[in-house]
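The next block holds one structure in the form of structure tokens; read it before the comments.
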Amino acid sequence: MTTSCTSSCPCASNKKQASLLYLRTLQVRDFRNYECVELEMPSGISVFVGDNGQGKTNLLEAIYVLATLKSFRGAKNSQLLRRGQSHARIVADVESKGLARQLEVSLGPQGKRARVDGKDPRALSGYFSGIKAIAFVPEDLRLVDGPPEGRRNFLDRAAFTLDPAYLDVVRDFRNALNQKNALLRAGRQRRSPPDKALLGVWNDRVAVAGARVIARRMQFLGEFVPVFREVHEGITGAAKGRAEIRYRGCVTTDALSRGLKGIEERLSARLEEAMEDEQRRGFATVGPQRDDWQLVVGGEALRSFGSQGQIRSAALALRVSEMVLARRDLGSCPLFLLDDVSSELDPHRNRQLMALLMDLSAQVVITTTELSNLKIDALHYQPWKVANGAICRYNPGS
Amino acid sequence: MNETQADPIERLIHELSRLPGIGSKTAARLAFAIVRSETLAGDLAEALVGVRDGVDRCVTCGNPSAADPCAICSDLQRDPALICVVERPQDLLAIERSGTYRGHFHVLGGALSPLDGVGPEELRVKELLARIQDSTTEIILATNPTVEGDATALYLARLVKPLGLLVSRIARGVSVGAELEYTDSSTISRALEERRQV
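For the record, the sequence lines run as chains B and D.
Going by the working numbering, 288 is the number at position 70 of the first sequence; the sequence numbering is gapless.
Going by the working numbering, 918 is the number at position 135 of the second sequence; the sequence numbering is gapless.
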């Protein structure tokens, strides 16, 4: 089952604008409830329509696994295989910055294996340079009102996408923190707190590396927040109030503005203060590993005061902002995967969102139970029908 | 042949493959070279026994040596006022190969690592403090530039500084002869942070 856009289709004009990165074809084998599906994708918007439980999200997940080697549902390898199968395969012809490449991920008992044009890439960074995807799934609402861990991960992952060197910074910090925790744990087990001089040394390492983590997060937020504010206003309308992101954590706002040295000094002092408490508890209680951030609109925290609709728009705006930043800084616009567009977002916001996505000229893949949920002109997208693990072109009229 | 005993060649391969950096293929290659040669096995066995019986640690610096004190500690040409602290004997060897250092050494036997149960008592820290004398002027901390090595250096620095000594840490940055283009980004960012005026 294949399809392609004619020259009169708006997708075709989008192509010229260079949605710099897009999947031309997608082949999914023995993945979740799919035995074998082959699609030829338009460079614009694709909409997969079907009832619940038919495999819409599974298809989106397959694309996400291809792009990130991870499931957005946190699923293990074995859960991604079709029942009774030992291997699955996802293959796509991808065009990125004018270059065509075939990317392939196979899943088996030994884990995932990524290939570029049939060859093992020398490093995974070579694979990832060919494809990027950002997904918005219902679970993302938890970014706004869920536990802080998800928000920290979002921040660290987004910062890493724009600056791969951030990974080393985080690794150094984790290393120092794990060593410090091991020291505190051992002290608790022996029922004699660790030597202050020794703990002080690890605190120093945690402070040096932790300050770098915080400084990079702040640097990232400095770029991210203006974009987020604009996207959020685009979706919700300016009248709802100014959107902000407030970083809250182990150092004061005042110290945050004083750069790496200022952060390090403050963090050092905080660690010093917490020393006795940490010795008693047997684990580290202060540091960027416990920091958090919150979304504030019109001066009020969405987490406590936001309606479902507001929370949904804000979470969506976070993901779209990631796209905008990636497009600006990396020069290529990732695929945007939008799961379960439903009536939750009111028609006005829905329309705003679609306009925004068309502006980005990204390849967008949407799933929904009803085409009427989408507030876009039928000319602007390619609809597909998903039923029980099979996909075909959809003609709403027939 | 006793059935419970392994084949001698297989055993040799097994013992060799327990060495660092030697996999089963290399071990097999070495084993067959030893089997083929008439003299190698005897020479090797003698050298191995010699190492076991004749080599101990120098009580002063902790470096493996047949003599105590070792050749470095007893070398009168060297400056005893300088002590360079390293994690392992291999690090000492690397510094010696550079030929630029003419002071004494102190081998710690590792770096602080609570995850592996290594604290100051597991390292030769007391021995270091004991050998510092009035004539000692500088302690050079040459532990590795890792989180553990840095923590160890800081620990020692805090311990030694109150004694009124000069305490220094080896510099880190872009390696000599390397091209920036091929230097990893975290090394470059460190090198920039720790830049010097010229």
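C-beta: ideal position from N, C-alpha, C; glycine also.
The structure presented is a predicted model; accordingly, all values stated were derived computationally and were not measured.
Any Cβ of chain B within less than 8 Å of the Cβ of Leu937 of chain D? Stepping through the second sequence from its first residue, residue 937 of chain D is reached at position 154. Closer than 8 Å: yes.
For Arg409 of chain B, which residues in chain D fall below 9 Å Cβ to Cβ? The residue you call residue 409 of chain B lines up with position 191 of the first sequence. Residues of chain D passing the Cβ test: none, with the nearest at roughly 16 Å.
Mapping DSSP to helix, strand and coil, what is Val559 of chain B? Counting from 1 along the first sequence, the entry for residue 559 of chain B is found at position 341. Correct three-state label for Val559 of chain B: coil.
In its own chain, which residues sit with a C-beta less than 7 Å from the C-beta of Ser225 of chain B, not counting the 5 before and 5 after it? The residue labelled residue 225 of chain B in the question sits at position 7 within the first sequence. Any reading at Ser225 of chain B must be qualified, since the residue scores a pLDDT of 41, below 50, and its modelled position is unreliable; the value itself is stated next. Cβ neighbours of Ser225 of chain B beyond the five flanking positions: none.
Thr244 of chain B, enclosing beta strand (DSSP E) - first and last residue: Residue numbering aside, residue 244 of chain B sits at position 26 when the first sequence is read from its first letter. Note that residue 244 of chain B is Leu in the sequence shown here, rather than Thr. Boundaries of the beta strand (DSSP E) around Leu244 of chain B: 239 to 249.
Who are the near neighbours of Leu911 of chain D in its chain, counting only those whose CB is closer than 6 Å to its CB and skipping five residues on each side? As a first step, residue 911 of chain D must be located in the second sequence, where it is residue number 128. Correct list, in chain order: His889.
Among B:Met436, B:Val312, B:Glu357, B:Gly273, nearest to Ile481 of chain B - alpha-carbon criterion: On the first sequence, position 263 is the one that residue 481 of chain B refers to. Nearest neighbour of Ile481 of chain B by Cα position, chosen from B:Met436, B:Val312, B:Glu357, B:Gly273, turns out to be B:Met436.
For chain D, find out if any of its Cβ atoms is closer than 8 Å to the Cβ of Arg375 of chain B; answer yes or no. As a working mapping, residue 375 of chain B is identified with position 157 in the first sequence. Arg375 of chain B does not count as touching chain D.
Is DSSP giving Ser264 of chain B helix, strand or coil here? Working through the first sequence from its first residue, we reach residue 264 of chain B at position 46. If DSSP states are grouped into helix, strand and coil, Ser264 of chain B belongs with the strands.
Is it true that the CB of Thr503 of chain B sits closer than 8 Å to the CB of Ala492 of chain B? For the purposes of this step, residue 492 of chain B is taken as the residue at position 274 of the first sequence. For the purposes of this step, residue 503 of chain B is taken as the residue at position 285 of the first sequence. Yes, the Cβ-Cβ distance between Ala492 of chain B and Thr503 of chain B is below 8 Å.
Name the chain B residues that come within less than 8 Å of Arg941 of chain D, Cβ to Cβ? For the purposes of this step, residue 941 of chain D is taken as the residue at position 158 of the second sequence. Chain order gives the chain B residues near Arg941 of chain D as Ala415, Gly418, Val419, where near means a beta carbon separation below 8 Å.
Helix, strand or coil for Lys822 of chain D, going by three-state DSSP, please let me know. By 1-based counting over the second sequence, the position of residue 822 of chain D is 39. The displayed chain sequence assigns Thr, not Lys, to residue 822 of chain D. Of the three classes helix, strand and coil, the one that applies to Thr822 of chain D here is coil, per DSSP.
Where do the ends of the beta strand (DSSP E) carrying Val312 of chain B lie? By 1-based counting over the first sequence, the position of residue 312 of chain B is 94. 306 to 314 is the extent of the beta strand (DSSP E) around Val312 of chain B.
Check whether the stretch 590 to 598 of chain B touches the stretch 563 to 582 of chain B, counting contact only when three or more Cβ pairs, one atom from each stretch, lie closer than 8 Å. yes
Pick out whichever of B:Asp509, B:Lys414, B:Asp472 has its Cα sitting closest to the Cα of Lys398 of chain B. As a working note, residue 398 of chain B is residue 180 in the first sequence. Lys398 of chain B has its Cα closest to that of B:Lys414, out of B:Asp509, B:Lys414, B:Asp472.
Buried or exposed by the 16-neighbour rule on C-beta atoms within 10 Å, applied to Arg814 of chain D: Here the question's residue 814 of chain D lines up with position 31 in the second sequence. In the sequence under discussion, the amino acid at residue 814 of chain D is Ala, which differs from the Arg named in the question. Looking at its Cβ environment, which holds 16 or more other Cβ atoms inside 10 Å, Ala814 of chain D is buried.
Is it right to say Ala877 of chain D is buried, meaning 16 or more other beta carbons lie within 10 angstroms of its own, or is it exposed? Locating residue 877 of chain D in the second sequence gives position 94, where the first residue counts as 1. In the assembly as shown, Ala877 of chain D is an exposed residue. Its beta-carbon has fewer than 16 other beta-carbons within 10 Å.
Name the one or two DSSP bridge partners that Trp511 of chain B has. Within the first sequence, the letter at position 293 stands for residue 511 of chain B. The secondary-structure analysis by DSSP pairs Trp511 of chain B across a beta bridge with B:Tyr465.
Starting from Val566 of chain B and walking both ways along the alpha helix (DSSP H), at which residues does that stretch end? Position 348 of the first sequence, counting from 1, holds the residue named residue 566 of chain B. Strictly speaking, residue 566 of chain B in this sequence is His, with Val absent from that position. From DSSP, the alpha helix (DSSP H) with His566 of chain B extends over 565 to 578.
Per-residue contacts from Leu898 of chain D into chain B (C-beta, under 8 Å): As a working mapping, residue 898 of chain D is identified with position 115 in the second sequence. Chain B residues near Leu898 of chain D: Asn396, Gln397, Ala400.
Taking Glu490 of chain B as the reference, which of B:Ser410, B:Trp420, B:Ser525 has the closest Cα? For this step, residue 490 of chain B is matched to residue 272 along the first sequence. Of the candidates B:Ser410, B:Trp420, B:Ser525, the one whose C-alpha sits nearest the C-alpha of Glu490 of chain B is B:Trp420.
Helix, strand or coil for Pro791 of chain D per DSSP? Start at 1 with the first residue of the second sequence, and residue 791 of chain D comes out as number 8. Residue state, collapsed to three classes: helix.
Distance CB(Leu416 of chain B)-CB(Leu401 of chain B) smaller than 8 Å: Within the first sequence, residue 416 of chain B is the residue found at index 198, counting from 1. Within the first sequence, residue 401 of chain B is the residue found at index 183, counting from 1. Yes; because the gap between Cβ atoms is below 8 Å, this pair is in contact.
The stretch 275 to 293 of chain B in contact with the stretch 244 to 257 of chain B per 3-pair CB rule at 8 Å: Touching, yes, given that three or more Cβ pairs across the two stretches are closer than 8 Å.
Smallest Cα separation from Cys610 of chain B: which of B:Ser314, B:Gly268, B:Pro552? Stepping through the first sequence from its first residue, residue 610 of chain B is reached at position 392. With distances taken between Cα atoms, Cys610 of chain B lies closest to B:Gly268.
Counting pairs of Cβ atoms below 8 Å between the stretch 376 to 392 of chain B and the stretch 323 to 339 of chain B, do you hit three or more? no
Is the stretch 523 to 541 of chain B touching the stretch 446 to 457 of chain B, taking contact as three or more C-beta pairs under 8 Å? yes
In the DSSP assignment, what residue or residues form a beta bridge with Val901 of chain D? Position 118 of the second sequence, counting from 1, holds the residue named residue 901 of chain D. DSSP, once it has assigned bridges, lists D:Ser896 as partnering Val901 of chain D.
Using the C-alpha atoms, what's the distance from Ile352 of chain B back to Gly273 of chain B? By one-based count along the first sequence, residue 273 of chain B stands at place 55. By one-based count along the first sequence, residue 352 of chain B stands at place 134. Across the structure, Gly273 of chain B and Ile352 of chain B are spaced so that their CA atoms are roughly 19 Å apart.
By alpha-carbon positions, which one of B:Arg567, B:Gly517, B:Pro365 ends up nearest to Gly452 of chain B? Locating residue 452 of chain B in the first sequence gives position 234, where the first residue counts as 1. Of the listed residues, the one whose Cα sits closest to Gly452 of chain B is B:Arg567.
If we ignore side chains and look at the alpha-carbon of each, how far apart do Val362 of chain B and Phe523 of chain B end up? Residue numbering aside, residue 362 of chain B sits at position 144 when the first sequence is read from its first letter. Residue numbering aside, residue 523 of chain B sits at position 305 when the first sequence is read from its first letter. Straight-line Cα distance between these residues: approximately 11 Å.
Sorted by chain position, which residues of the same chain lie with C-beta nearer than 8 Å to Asp933 of chain D's C-beta, five sequence neighbours on each side aside? On the second sequence, residue 933 of chain D is found 150 positions in, with the first residue counted as 1. Thr926, listed in sequence order.
Coarse secondary structure for Pro552 of chain B, derived from DSSP in three states: Stepping through the first sequence from its first residue, residue 552 of chain B is reached at position 334. Three-state result, Pro552 of chain B: coil.
Using a C-beta cutoff of 8 Å, does Gly547 of chain B count as contacting chain D? As a first step, residue 547 of chain B must be located in the first sequence, where it is residue number 329. The amino acid at residue 547 of chain B is misidentified as Gly; the sequence shows Asp. No - not a single Cβ of chain D is within 8 Å of the one on Asp547 of chain B.
Pair within 8 Å by beta-carbon distance, Ile529 of chain B and Val265 of chain B: Looking up residue 529 of chain B in the first sequence gives position 311. Looking up residue 265 of chain B in the first sequence gives position 47. In this structure, Val265 of chain B does not lie closer than 8 Å to Ile529 of chain B by Cβ.
Using the C-alpha atoms, what's the distance from Val869 of chain D back to Leu963 of chain D? Taking the second sequence and counting its residues from 1, the one referred to as residue 963 of chain D is at position 180. Taking the second sequence and counting its residues from 1, the one referred to as residue 869 of chain D is at position 86. When rounded, the distance between both Cα atoms is 28 Å.
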